[in-house]
Amino acid sequence: MIGCLPVPRLLLINPNTDMDMTQRMAAHARALFAGTVTVQAVTARFGARYITDRVSLTIAGHAVLDALACMQEPFDGVLVACFGDPGRQALASICPVPVMGMAQASIMRAARLPGRFSIVTGGAKWEPMLAELVQAMGLRDRLASIRILPETGNVLALDGDGTCRQLVQACNRAVHEDGASRIVLGGAGLAGFAPRIASQVVAPVLCSLRESLLEAQRQLARPALSTTPCRGGMETVGLSPELQHYLVSGPDICVTHN
1469 MIGCLPVPRL LLINPNTDMD MTQRMAAHAR ALFAGTVTVQ AVTARFGARY
1519 ITDRVSLTIA GHAVLDALAC MQEPFDGVLV ACFGDPGRQA LASICPVPVM
1569 GMAQASIMRA ARLPGRFSIV TGGAKWEPML AELVQAMGLR DRLASIRILP
1619 ETGNVLALDG DGTCRQLVQA CNRAVHEDGA SRIVLGGAGL AGFAPRIASQ
1669 VVAPVLCSLR ESLLEAQRQL ARPALSTTPC RGGMETVGLS PELQHYLVSG
1719 PDICVTHN
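The sequence shown maps to residues 1469 to 1726 in this note's numbering.
What follows is the structure, encoded as C-alpha coordinates:
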(Lines of atoms letter the chains of each structure in order from A and count residues from 1; the text may use other names and numbers.)
(Lines give C-alpha, C1' and ligand atoms only; values in the text may rest on other atoms or scores of the structure.)
Protein backbone atom coordinates (compact mmCIF):
# COMPACT_ATOMS: atom_id res chain seq x y z
CA MET A 1 0.00 0.00 0.00
CA ILE A 2 1.33 3.42 -0.94
CA GLY A 3 1.18 6.33 1.51
CA CYS A 4 -1.83 6.56 3.87
CA LEU A 5 -0.27 8.30 6.87
CA PRO A 6 -0.01 12.00 7.86
CA VAL A 7 3.72 11.60 8.62
CA PRO A 8 5.61 10.37 5.53
CA ARG A 9 6.80 6.80 5.77
CA LEU A 10 10.03 5.62 4.16
CA LEU A 11 10.40 1.99 3.18
CA LEU A 12 14.07 1.10 3.67
CA ILE A 13 14.94 -2.12 1.84
CA ASN A 14 18.18 -3.88 2.75
CA PRO A 15 19.11 -5.98 -0.31
CA ASN A 16 21.61 -7.87 1.85
CA THR A 17 20.10 -10.67 3.92
CA ASP A 18 21.88 -9.58 7.12
CA MET A 19 19.05 -8.63 9.50
CA ASP A 20 21.42 -7.05 12.02
CA MET A 21 22.58 -4.66 9.31
CA THR A 22 18.96 -3.77 8.59
CA GLN A 23 18.40 -2.88 12.22
CA ARG A 24 21.57 -0.76 12.38
CA MET A 25 20.56 1.20 9.28
CA ALA A 26 17.03 1.66 10.62
CA ALA A 27 18.46 2.98 13.90
CA HIS A 28 20.62 5.50 11.99
CA ALA A 29 17.56 6.60 10.01
CA ARG A 30 15.28 7.03 13.01
CA ALA A 31 17.91 9.02 14.90
CA LEU A 32 18.44 11.29 11.90
CA PHE A 33 14.75 11.85 11.15
CA ALA A 34 13.76 12.37 14.80
CA GLY A 35 10.10 11.63 14.11
CA THR A 36 9.73 13.71 10.94
CA VAL A 37 9.73 10.55 8.82
CA THR A 38 8.60 7.10 9.89
CA VAL A 39 10.96 4.29 8.88
CA GLN A 40 9.81 0.81 7.91
CA ALA A 41 12.89 -1.37 7.38
CA VAL A 42 12.79 -4.76 5.68
CA THR A 43 15.43 -7.33 4.75
CA ALA A 44 15.71 -9.24 1.48
CA ARG A 45 14.16 -12.70 1.83
CA PHE A 46 16.87 -14.36 -0.28
CA GLY A 47 20.32 -13.69 -1.70
CA ALA A 48 23.77 -12.96 -0.31
CA ARG A 49 24.33 -12.09 3.31
CA TYR A 50 26.51 -9.22 2.06
CA ILE A 51 26.67 -8.13 -1.58
CA THR A 52 30.22 -8.19 -2.94
CA ASP A 53 30.11 -8.88 -6.70
CA ARG A 54 27.98 -8.82 -9.85
CA VAL A 55 26.29 -12.14 -9.14
CA SER A 56 25.13 -11.19 -5.66
CA LEU A 57 24.15 -7.73 -6.93
CA THR A 58 22.00 -9.22 -9.69
CA ILE A 59 20.28 -11.63 -7.30
CA ALA A 60 19.65 -8.71 -4.94
CA GLY A 61 17.81 -6.83 -7.68
CA HIS A 62 15.21 -9.61 -7.75
CA ALA A 63 15.10 -9.69 -3.95
CA VAL A 64 14.40 -5.93 -3.82
CA LEU A 65 11.39 -6.30 -6.14
CA ASP A 66 10.15 -9.18 -4.01
CA ALA A 67 10.54 -7.13 -0.81
CA LEU A 68 8.46 -4.31 -2.25
CA ALA A 69 5.75 -6.70 -3.38
CA CYS A 70 5.52 -8.25 0.10
CA MET A 71 4.85 -4.92 1.84
CA GLN A 72 1.40 -4.66 3.39
CA GLU A 73 1.90 -1.41 5.31
CA PRO A 74 1.68 2.04 3.66
CA PHE A 75 4.76 3.97 2.52
CA ASP A 76 5.51 7.17 0.61
CA GLY A 77 9.03 6.56 -0.67
CA VAL A 78 11.60 3.78 -1.01
CA LEU A 79 15.33 3.66 -0.28
CA VAL A 80 17.36 0.76 -1.67
CA ALA A 81 19.94 0.66 1.11
CA CYS A 82 22.96 -0.81 -0.66
CA PHE A 83 25.74 1.16 -2.35
CA GLY A 84 25.24 -0.74 -5.61
CA ASP A 85 21.54 0.21 -5.87
CA PRO A 86 20.40 -3.28 -6.98
CA GLY A 87 17.02 -3.21 -8.68
CA ARG A 88 16.55 0.53 -8.22
CA GLN A 89 15.67 1.33 -11.81
CA ALA A 90 13.32 -1.63 -12.14
CA LEU A 91 11.72 -0.73 -8.83
CA ALA A 92 11.21 2.87 -9.92
CA SER A 93 9.52 1.67 -13.11
CA ILE A 94 6.78 -0.19 -11.21
CA CYS A 95 6.47 1.87 -8.02
CA PRO A 96 4.38 5.08 -8.04
CA VAL A 97 6.35 6.87 -5.30
CA PRO A 98 9.96 8.17 -5.21
CA VAL A 99 12.57 5.40 -5.28
CA MET A 100 16.14 6.24 -4.29
CA GLY A 101 19.32 4.20 -4.12
CA MET A 102 22.08 4.68 -1.58
CA ALA A 103 24.74 5.18 -4.25
CA GLN A 104 22.58 7.25 -6.59
CA ALA A 105 21.41 9.62 -3.85
CA SER A 106 24.75 10.11 -2.10
CA ILE A 107 26.68 10.56 -5.36
CA MET A 108 24.07 13.01 -6.62
CA ARG A 109 24.37 15.06 -3.42
CA ALA A 110 28.18 15.06 -3.67
CA ALA A 111 27.98 16.19 -7.29
CA ARG A 112 25.76 19.17 -6.42
CA LEU A 113 28.73 20.78 -4.67
CA PRO A 114 31.69 22.43 -6.44
CA GLY A 115 34.71 20.35 -7.40
CA ARG A 116 35.14 16.63 -7.91
CA PHE A 117 34.39 13.81 -5.50
CA SER A 118 36.01 10.45 -4.77
CA ILE A 119 34.38 7.25 -3.60
CA VAL A 120 36.05 5.21 -0.88
CA THR A 121 34.63 1.78 -0.11
CA GLY A 122 35.61 -1.84 0.52
CA GLY A 123 35.79 -4.87 -1.76
CA ALA A 124 37.92 -5.07 -4.91
CA LYS A 125 35.08 -6.22 -7.18
CA TRP A 126 33.15 -3.01 -6.53
CA GLU A 127 35.47 -0.73 -8.51
CA PRO A 128 34.21 -1.51 -12.05
CA MET A 129 30.59 -1.72 -10.89
CA LEU A 130 30.73 1.70 -9.26
CA ALA A 131 32.54 3.20 -12.25
CA GLU A 132 29.71 1.97 -14.47
CA LEU A 133 27.10 3.37 -12.10
CA VAL A 134 28.72 6.82 -12.08
CA GLN A 135 29.04 6.70 -15.87
CA ALA A 136 25.35 5.82 -16.21
CA MET A 137 24.48 8.82 -14.04
CA GLY A 138 26.39 11.08 -16.43
CA LEU A 139 28.83 12.14 -13.71
CA ARG A 140 32.08 10.56 -14.88
CA ASP A 141 33.75 13.96 -15.29
CA ARG A 142 32.89 14.84 -11.68
CA LEU A 143 34.50 11.68 -10.29
CA ALA A 144 38.10 12.13 -9.14
CA SER A 145 38.69 8.49 -8.24
CA ILE A 146 37.40 5.30 -6.68
CA ARG A 147 39.60 4.11 -3.83
CA ILE A 148 38.99 0.52 -2.77
CA LEU A 149 40.06 -1.16 0.46
CA PRO A 150 40.75 -4.90 0.03
CA GLU A 151 38.24 -6.14 2.61
CA THR A 152 34.50 -5.89 2.02
CA GLY A 153 32.38 -3.53 4.09
CA ASN A 154 30.99 -6.19 6.39
CA VAL A 155 34.52 -7.24 7.34
CA LEU A 156 35.70 -3.65 7.74
CA ALA A 157 32.78 -2.94 10.07
CA LEU A 158 34.20 -5.43 12.58
CA ASP A 159 37.60 -3.73 12.95
CA GLY A 160 36.77 -0.24 14.17
CA ASP A 161 40.19 1.31 14.83
CA GLY A 162 41.97 -0.58 12.06
CA THR A 163 39.31 0.37 9.56
CA CYS A 164 39.48 4.01 10.61
CA ARG A 165 43.22 4.04 9.91
CA GLN A 166 42.72 2.51 6.45
CA LEU A 167 39.90 4.91 5.62
CA VAL A 168 41.85 7.98 6.71
CA GLN A 169 44.78 6.97 4.52
CA ALA A 170 42.57 6.23 1.48
CA CYS A 171 40.56 9.44 1.87
CA ASN A 172 43.61 11.68 2.21
CA ARG A 173 45.25 10.03 -0.80
CA ALA A 174 42.09 10.70 -2.80
CA VAL A 175 42.38 14.38 -1.91
CA HIS A 176 46.14 14.83 -2.36
CA GLU A 177 46.76 12.48 -5.29
CA ASP A 178 43.42 12.48 -7.15
CA GLY A 179 42.20 16.03 -6.55
CA ALA A 180 39.00 15.19 -4.69
CA SER A 181 37.16 18.04 -2.97
CA ARG A 182 35.08 15.62 -0.91
CA ILE A 183 34.80 11.91 -0.19
CA VAL A 184 31.75 9.66 -0.42
CA LEU A 185 32.26 6.84 2.08
CA GLY A 186 30.27 4.12 0.37
CA GLY A 187 28.40 1.15 1.73
CA ALA A 188 26.06 0.06 4.48
CA GLY A 189 28.94 -1.67 6.26
CA LEU A 190 30.77 1.66 6.63
CA ALA A 191 27.80 3.56 8.05
CA GLY A 192 28.91 5.52 11.10
CA PHE A 193 32.60 5.72 10.19
CA ALA A 194 32.44 9.18 8.56
CA PRO A 195 32.18 11.16 11.83
CA ARG A 196 34.89 9.00 13.39
CA ILE A 197 37.46 9.92 10.73
CA ALA A 198 36.29 13.41 9.72
CA SER A 199 38.81 15.30 11.87
CA GLN A 200 41.71 13.36 10.32
CA VAL A 201 40.72 13.87 6.67
CA VAL A 202 41.56 17.11 4.87
CA ALA A 203 38.26 17.25 2.96
CA PRO A 204 34.61 16.66 3.93
CA VAL A 205 33.64 13.00 4.30
CA LEU A 206 30.07 12.11 3.34
CA CYS A 207 28.46 8.94 4.70
CA SER A 208 26.49 7.28 1.89
CA LEU A 209 23.75 6.10 4.25
CA ARG A 210 23.30 9.50 5.87
CA GLU A 211 23.35 11.33 2.53
CA SER A 212 20.81 8.97 1.00
CA LEU A 213 18.53 9.36 4.01
CA LEU A 214 18.77 13.15 3.75
CA GLU A 215 17.90 12.94 0.07
CA ALA A 216 14.94 10.69 0.89
CA GLN A 217 13.77 13.23 3.47
CA ARG A 218 14.10 15.97 0.84
CA GLN A 219 12.06 14.00 -1.68
CA LEU A 220 9.36 13.15 0.86
CA ALA A 221 9.00 16.83 1.80
CA ARG A 222 7.85 17.62 -1.72
CA PRO A 223 4.15 17.52 -2.69
CA ALA A 224 3.13 13.94 -3.38
CA LEU A 225 2.84 13.29 -7.10
CA SER A 226 1.96 9.63 -7.43
CA THR A 227 1.93 8.06 -10.85
CA THR A 228 0.33 4.86 -12.05
CA PRO A 229 2.96 2.73 -13.77
CA CYS A 230 1.89 0.86 -16.88
CA ARG A 231 1.45 -2.88 -16.49
CA GLY A 232 2.75 -4.86 -19.43
CA GLY A 233 0.83 -8.09 -18.86
CA MET A 234 4.08 -9.95 -18.23
CA GLU A 235 3.75 -13.74 -18.11
CA THR A 236 6.00 -15.17 -15.41
CA VAL A 237 6.97 -18.54 -13.95
CA GLY A 238 8.55 -19.25 -10.57
CA LEU A 239 8.20 -15.84 -8.93
CA SER A 240 6.83 -15.49 -5.42
CA PRO A 241 3.03 -15.15 -5.35
CA GLU A 242 3.43 -11.64 -3.91
CA LEU A 243 5.70 -10.43 -6.72
CA GLN A 244 3.62 -12.10 -9.40
CA HIS A 245 0.48 -10.39 -8.06
CA TYR A 246 2.25 -7.01 -7.80
CA LEU A 247 3.45 -7.16 -11.39
CA VAL A 248 -0.10 -7.79 -12.57
CA SER A 249 -2.14 -5.63 -10.20
CA GLY A 250 0.25 -3.08 -8.68
CA PRO A 251 -0.13 -1.45 -5.23
CA ASP A 252 -3.03 0.27 -3.56
CA ILE A 253 -2.40 4.03 -3.64
CA CYS A 254 -3.44 6.58 -1.01
CA VAL A 255 -1.07 9.54 -0.65
CA THR A 256 -2.15 11.94 2.10
CA HIS A 257 0.95 13.32 3.86
CA ASN A 258 1.10 16.55 1.81
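Heads up, the beta-carbon is just placed ideally off N, CA and C, and yes, glycines get one too.
Query	Result
Where L1711 falls: helix, strand or coil (DSSP)	helix
C-alpha distance - R1650 paired with R1584, whole-angstrom precision	7 Å
Runs of beta strand (DSSP E) wholly within the segment 1617–1703 (minimum 3 residues, chain order)	1650–1653 and 1673–1675
Integer Cβ distance of S1613 from S1586, believed to fall under 8 Å	5 Å
Beta-carbon proximity list for L1559, same chain, < 8 Å, skipping 5 on both sides	V1532, L1533, L1536, V1546, V1548 and V1567
Stretch pair the segment 1565–1580 + the segment 1669–1683: three plus CB contacts closer than 8 Å	yes
Under the three-state DSSP convention, the category R1584 falls into	coil
4 or more residues per run - each alpha helix (DSSP H) lying fully within the segment 1487–1545	1487–1501 and 1522–1538
Nearest residue (CA-CA) to D1553, options N1622, A1638, V1510 and A1528	A1528
Cβ contact check for the segment 1474–1489 and the segment 1498–1517: 3 or more pairs under 8 Å	yes
Per DSSP, the bridge partner or partners of V1705	Note: V1705 sits in no beta bridge, so no partner.
Proximity below 9 Å, CB of G1569 to CB of C1538	no
Given 8 Å, three or more beta-carbon pairs between the segment 1610–1629 and the segment 1590–1599	yes
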